[in-house]
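For reference, the structure is listed below as structure tokens.
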């Protein structure tokens, strides 16, 4: 390992620790506003990891879409709810934690099985085949745009509509709760 590789790995370790610590902060902080701002740190660290791995277009898209739009939407939704952190006593939900633990463990084991079952040499040979057949690589921006608007249009559009519905539903529920609590006073 030469010096540039050790620096590269050190930067990746710092970025990955930012992702892990930010993710833990999102789920463990009691203050909802702080939990809403921490995904911005996580999304920025993911964008930096793409930048370190020489995927500059993906890094720019990550910054614009996730840090710029999604995180602002999350913060906006939290600000609209306007509910103090200590307004409700925490409910005893040991059954919910048990179900969530089993679900997360199952998903984690499926992910590990998929990672271990992937033939990584096949991925490298596909990349080499693309280079040898095509001669020169296309521009990354053109290729990503083409793939998004052809191959991945079917999962991309319903996902964006689902996210919009979830955001509108959360805001509507927060508004109804606020109106109901104002009516009781």
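Numbering (the numbering used here), first residue to last: 160 to 344.
Beta carbons: idealized from backbone N, C-alpha and C, even for Gly.
Does DSSP classify residue i as helix, strand or coil?
| i | result |
| --- | --- |
| residue 213 | coil |
| residue 188 | coil |
| residue 311 | coil |
| residue 331 | helix |
| residue 160 | Note that residue 160 scores 43 on pLDDT, short of 50, meaning its location in the model is unreliable and no value can be drawn from it. |
| residue 203 | helix |
Which residues in the same chain have their Cβ closer than 8 Å to the Cβ of residue i, if we skip the five residues on either side of it in sequence?
| i | result |
| --- | --- |
| residue 210 | 218 |
| residue 226 | 199, 202, 203, 206 |
Compute the Euclidean distance between the alpha carbons of residue i and residue j, then round it to the nearest angstrom.
| i | j | result |
| --- | --- | --- |
| residue 255 | residue 166 | 43 Å |
| residue 302 | residue 189 | 43 Å |
| residue 206 | residue 177 | 12 Å |
| residue 170 | residue 332 | 42 Å |
| residue 320 | residue 313 | 12 Å |
| residue 192 | residue 263 | 25 Å |
| residue 195 | residue 307 | 29 Å |
So is residue i buried or exposed if we call it buried at 16+ other beta carbons inside 10 Å?
| i | result |
| --- | --- |
| residue 179 | exposed |
| residue 233 | buried |
| residue 221 | buried |
| residue 208 | buried |
Got a sec? Which residues, its chain only, sit under 7 Å from residue i by beta carbon, not counting five neighbours each side?
| i | result |
| --- | --- |
| residue 230 | 198, 199, 202 |
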